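Below is one structure; the comments refer to it alone.
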């Protein structure tokens, strides 16, 4: 199970304002990889699939064979390091008061589980003890998805030149094409 963050309406409104300003900054300065199709204006699963299929067709028309690796990171949103995320925000130009706000946004979070159950014809609520959250972005929040794609934004720079990458949030497709099928079997052609 994954916890979903229940956030008050006022916080959601403020998060939407922060999100709008953050996306404007990122897009105006071309800071997001064009390979990420998740949670982006003008991008979708459809644009990701079109780009992927076009890459495979182009390789085929050039006489190349294509192989791919499809990845889905388990608990991806839950496992992000707050320190690394804050460092990445700073590297993307989020500094000063804005950076302090993100630091505050990520820190001091707790979670608990609440179960409502009917016992002897009466509804009873059972709650776990609160646990500190030291990693991840709040699922169900307005900012969580964009913070996740910022965290993974630089993955493109870690790949070899022969590899194409297609991202939709935490779903990733790595594609390698070569005219010689035997070359695709060599470990040196592994994308990462």
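In this note's numbering, the protein residues as written are 2 to 193.
Glycine included, each C-beta is placed from N, C-alpha and C at the ideal position.
Please read all numbers here as calculations on a predicted model, not as lab measurements.
How many angstroms separate the CA atom of residue 165 from the CA atom of residue 106?
Going by the C-alpha atoms only, they are around 34 Å apart.
Are the CB atoms of residue 157 and residue 36 nearer to each other than 8 Å?
Contact flag set, yes.
Distance, Cα to Cα, residue 143 vs residue 19?
If you take the alpha carbons of residue 143 and residue 19, they lie about 9 Å apart.
CA-CA distance, residue 132 and residue 71?
Residue 132 and residue 71: Cα-Cα distance of roughly 33 Å.
Taking 8 Å as the limit between beta carbons, can you name the residues of its chain near residue 87, skipping five residues before and five after?
Excluding residues within five positions, the ones whose Cβ falls inside 8 Å are 100, 103, 104, 107.
Would you mind reading off the limits of the beta strand (DSSP E) that contains residue 1?
Residue numbering for the chain in the displayed model covers 2 to 193; residue 1 lies beyond these limits and cannot be assessed.
For residue 120, which of helix, strand or coil comes out of DSSP?
Of the three classes helix, strand and coil, the one that applies to residue 120 here is strand, per DSSP.
Compute the beta-carbon to beta-carbon distance between residue 52 and residue 149, rounded to the nearest angstrom, for a pair I have assumed lies under 8 Å.
Residue 52 to residue 149, Cβ: 20 Å. No contact.
Any idea what DSSP makes of residue 12, helix, strand or coil?
Helix.
Taking residue 92 as the reference, which of 114, 32, 62 has the closest Cα?
When each option's Cα is compared against that of residue 92, the closest is 32.
Thinking residue 151 and residue 89 are a contact (beta carbons under 8 Å), I'd like their distance in whole angstroms, please.
Rounded, the Cβ-Cβ distance is 6 Å, consistent with contact.
Comparing alpha-carbon positions, which option in 169, 186, 123 lies nearest residue 47?
Ranking the options by Cα distance to residue 47, first place goes to 169.
Need the endpoints of the alpha helix (DSSP H) that residue 49 sits in, please.
Taken as a continuous stretch (DSSP letters only), the alpha helix (DSSP H) holding residue 49 covers 46-62.
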